[in-house]
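What follows is one structure encoded as structure tokens, with my remarks underneath.
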Amino acid sequence: MKMLRRWMPPYPHTVVQSGQIRTAFLTLVHCQLSPIIRTLFSETGVWEKEYRTETRCRVEQWWHPRIMAQWQKDSLEKDQNREKFYVLSMFPYPSGRLHMGHVRVYTISDVIGHFQRMRGYQVLNPMGWDAFGLPAENAAIERRLDPENWTKRNIKSMREQLDSLGLCFNWDREVTTCLPDYYKWTQYLFIKLFKAGLAYQKEGVVNWDPVDQTVLADEQVDENGRSWRSGALVEQKLLTQWFIKTTHYGKPLLDSLSDLPEWYGVKAMQANWIGECTGCYFDFKLKVSGKETGESLSAYSSSPEAVFGAAYLAILPSHRLLHGSSSVRSVLEKAYQPGRDSLTEVTAVNLFTGYEVPLVISHKEAFDGTPDSHINRILLKSKYLLFFSFYGRRLLFLLLPFLLCLVFILLLLPLVFLLHIYIYQFSGLTRRQAFDSITQKARELKVGGHLTSSKLRDWLISRQRYWGTPIPVVHCERCGPVTVPEEDLPVTLPKLPSLTGKGASPLAAAHDWVSCKCPRCNGPAKRETDTMDTFVDSAWYYFRYADPHNTERPFERHLVDRWLPVDVYIGGKEHAVMHLYYARFLCHFCKDQGLVAHREPFRKLLVQGLIKGQTFRRADSGQYLKREEIDFTGACGSVEVTWEKMSKSKHNGLDPQEVVQHYGVDTVRLYILYAAPPEQDILWNLKKDALPGVLRWQSRLWQLVTKLRHARQLGDIPNPSLLQKKEQAESKKIWENKNYAIQEVTSHFTEDFLFNAAISRLMGLTNTLSSASVRVLQHSVEFEDALATLIMMTAPMAPHLASELWAGLCQVSNPISGTLRRGGDVLSQSWPTVDPSYLESPDFVDISVRINNKVCGTVTVPLLVSKDIDQVQKLVMESPLGQTVLRELHIKRAILSPRTALINFLVG
């Protein structure tokens, strides 16, 4: 036990947990099984010549707590003179166990955080928990547990796992969405939306998940009509629900995409989701026999400038007015004729024009092939067309004599339209001017006019579940829905004796909690029993990280304005539509409320692909099999072998801690970074080239430091003037390769995030240094400086190994490079920069590019790599020329001429 406690890293602000003890024990046993107990240079000053498994264990256990402690110390420094860098990874749902997808996204954010801190930035890399939602509630129901206790226990477990992986987060800024100190401010923002007229409640036909017993937003139903979580076929139900008018921000959200850098196709997905914002909504009040019914509609017009010529308003047969408790339901049902357009006795008053038009039940206006419950449309048709659409062919013979009159009417209609415009002071305007003036006037009158698309829907946020943020509204018979006063927030969740998951919202059973006083009239009222969708919690969490302990407001503006927008946002592409759209909407809203200075929350987006495991399924039944259950001789029948997202149910998942215990933290990090670019999927196969490659590379880095230390112990004092001409040329090549590596790696870390390409470049520099002669090792300042640069650039990706290498390198005998005299740990060093003289060097060459022997242009590449076929091909493919002429082609082979500056691509 003494040995065990000696191993345990003293995590700052944490206590030793059982999971950490297990990890420590397994690691210690693994290390003790080796025949020789190795020493560590940082402990004893004795350098091991080879990088063995037990050496790796000692390196990681020594440096792990020190790296994390130094990060926490630096993160607490408040240096306003340093430029900020905010790297954010999407926070996880606390399921209790990390999966390899978590390891991938958080490794990437950790690498970027270390890199930017070495560049001199004050880095914010926070972490929190998306802790409300159905999974925790369902798990609590199954286990008869309280969801709060279940969630907190999982958070504790996952925090231990993240710490064991050596991930450096700013834990002093941790947020948890299920705690009142967080959801108090979610409720505050909801009240802001309500007061701005953007949060409202209405009855409508909604998506109902029969398994999870809650409504779903349209975005949470897949193309097959199934729930995104339970997989159940979604039903249609008539319920009164809470919505947020995200449609009011459709046009600003679409337009501001042009100000953002390319997001790996996500910008196009966002634009497609929003749609073309060429129209707007206008508000209508319904009447029957000239009397107002109290019902209202918001109807979409694709031609707002022609609103004065609207002939009628159309709804679908599925509209809420034909169902539920609508006051005009009986009138509409009487007029409804299945299969035909039906003219009703209900009229609609356009609150902008004051004109009254008939209400029609139309079968021809189904949008996007789906019967929508809360979208209507103004059909801008002349009144003779309205008449004709209902009486059609039977009157055609009677109308023939009057064709000339109809032509005259058609010619007269534009004049009538202009007369309407004149009446409303919109005369003399072009169509574009009328469009802008009418929509602006409608917005001023608060009767619509917000440009949006016909496909965009308001955000349905209410859920009939317990484990979520309570909606801060009370319902009063006299006053209607009234928001809870801000000083009475948070409205906390009551403790319930049990959760069943069936029927109405579980909160309805908390009678003492539901019954309350109206904040406006002090009369009897009832609390809202729906809770908010978890997407509301995650729509603003990036703000809270800037000021997580504020008890007076959600955040101070000056702190948010310092840290935001997020410089790099990292997460899965599956969140490219819903979460990003909601987060962008809320940031736009906060800007309009004067809470923040910017509209867009994220500057760069880094989407990550999946980590997939190999799956085996019976061809006949589709049953997933474990690998050990398969008879690969074929006796078990046909088995389908595929690669799918890791899952316990598919028997292809991996426990990250077990992988780390076997290979080490740095090896797993390097494998994840090297196996594929971040946006591509990783097919997890440790027998392939990626793992052997990074294992060999770590050993070669260790050998380079070993060789330099040995060369400096040969007795000769280093003297660069002793190098011969050939050795000087060798040193110059090292210098050029070093600068090229700095240029390339820095670009990959800041522009395209191709960490696999960055590692390849560092491997190339390793090759150059490994081939250096003994005298260059002894006397070349270029070698020493390049090796120091190599280790510094490796540090963000393999921090434990690089820290030990740096310690060994800085203690080399008779150092001749100023870099090694700086002192401090490797992660405290300044990121290497390219020597100015290298940038001025004419050592570049123009490579002629041919496709099937046909010249198509030239690309400039460094002379240093002009004979490297892989590097030249890569540079050509990444160049503007390559992106234009080669991107869509299938390249069979690339041939680099050994005599002339020419590369020829043979394409199919």
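For the sequence shown, UniProt numbering begins at 1 and goes up steadily by one.
Cβ atoms here follow ideal geometry from the backbone N, Cα and C, with glycine treated the same way.
Asked, Found
"At what residues does the beta strand (DSSP E) containing Asn350 begin and finish?", "Ser342 to Asn350"
"Quick check on His779: does DSSP put it in helix, strand or coil?", "helix"
"Can you grab the Cα-Cα spacing for the pair Val331 / Val473, in whole Å?", "33 Å"
"Can you give me the start and stop residues for the alpha helix (DSSP H) that Ser699 sits inside?", "Ala690 to Ala711"
"Among all the DSSP beta bridges, which residues are the ones paired with Ser82?", "One detail in the question is off: residue 82 reads as Arg in this sequence, not Ser. Arg82 pairs with nothing; no bridge assigned."
"Can you check which of these residues, Val560, Ala576 and Tyr93, is closest to Ala136 by C-alpha distance?", "Tyr93"
"Write down every uninterrupted run of the alpha helix (DSSP H) in the segment 838–890 whose length is 4 residues or greater and which is fully enclosed by it, in chain order.", "869–878 and 880–885"
"Name the residue from Arg340, Ala268, Pro358 and Leu297 whose alpha carbon lies nearest to the alpha carbon of Ala311.", "Pro358"
"Does DSSP put Cys168 in a helix, a strand or coil?", "coil"
"Taking the alpha carbon of Gly664 as the reference point, which residue from Leu896, Val596 and Leu165 has its own alpha carbon closest?", "Leu165"
"Can you find at least 3 beta carbon pairs, one from the segment 189–199 and one from the segment 113–126, that sit closer than 8 Å?", "no"
"For Lys645, which beta-bridge partners are listed by DSSP?", "Lys612"
"Here's the rule I'm using: 16 or more other beta-carbon atoms within 10 Å means buried, otherwise exposed. How should Cys521 be labelled?", "exposed"
"Going by DSSP, name the residue or residues bridged to Glu235.", "Trp208"
"Per DSSP, which one or two residues make a beta bridge with Gly480?", "Cys476"
"Using DSSP with H/G/I as helix, E/B as strand and the rest coil, what is Ile903?", "strand"
"How far does the beta strand (DSSP E) with Asp283 in it reach, from first residue to last?", "Gly279 to Val288"
"What ranges does the beta strand (DSSP E) occupy inside the segment 540–619, keeping only unbroken runs of at least 3 residues that lie completely in it?", "566–572, 602–608 and 611–618"
"Contact between the segment 248–258 and the segment 315–332 is defined here as three or more beta-carbon pairs at a separation below 8 Å; is this criterion met?", "no"
"Under a three-way DSSP split, which group does His323 fall into?", "coil"
"Tell me the residue span of the alpha helix (DSSP H) that contains Val491.", "Where Val491 is concerned, there is no enclosing alpha helix (DSSP H), given that its DSSP letter is neither H nor E."
"Taking buried to mean at least 16 other C-beta atoms within 10 Å of its own C-beta, is Asp689 buried or exposed?", "exposed"
"How many angstroms separate the CA atom of Thr766 from the CA atom of Lys650?", "40 Å"
"To the nearest angstrom, how far is it from the Cα of Met158 to the Cα of Lys152?", "10 Å"
"Go through its chain and collect everything with a Cβ distance to Ile682's Cβ below 6 Å, but skip five positions before and after it.", "Ile611, Ala675 and Ala676"
"Near Leu260, what residues of its chain come up, given a Cβ to Cβ distance below 7 Å and the 5 sequence neighbours on each side ignored?", "Lys267 and Glu600"
"Thinking just about the alpha-carbon of each residue, which of Ala597, Gln61 and Glu50 is nearest to the one in Glu43?", "Gln61"
"What residue from Phe602, Ser75, Lys184 and Tyr671 has the CA that sits closest to Glu262's CA?", "Phe602"
"Roughly how many angstroms separate the alpha carbons of Asn81 and Ser75, rounded to a whole number?", "14 Å"
"Using the DSSP secondary-structure output, state which residues sit across from Thr240 in a beta bridge.", "Glu203"
"I'd like the list of long-range same chain contacts for His890, defined as Cβ closer than 7 Å, with 5 residues on each side in sequence excluded.", "Val907 and Gly908"
"According to DSSP, Met532 sits in a beta bridge with which residue or residues?", "Ser462"
"Please state the DSSP three-state secondary structure of Tyr51.", "coil"
"Should Val234 go down as buried or exposed, given a rule of 16 or more other Cβ atoms within 10 Å for buried?", "buried"
"Going along the chain, which unbroken runs of the beta strand (DSSP E) with 3 or more residues stay wholly within the segment 736–773?", "none"
"My output table needs one value for Tyr624: the three-state DSSP class, helix, strand or coil.", "strand"
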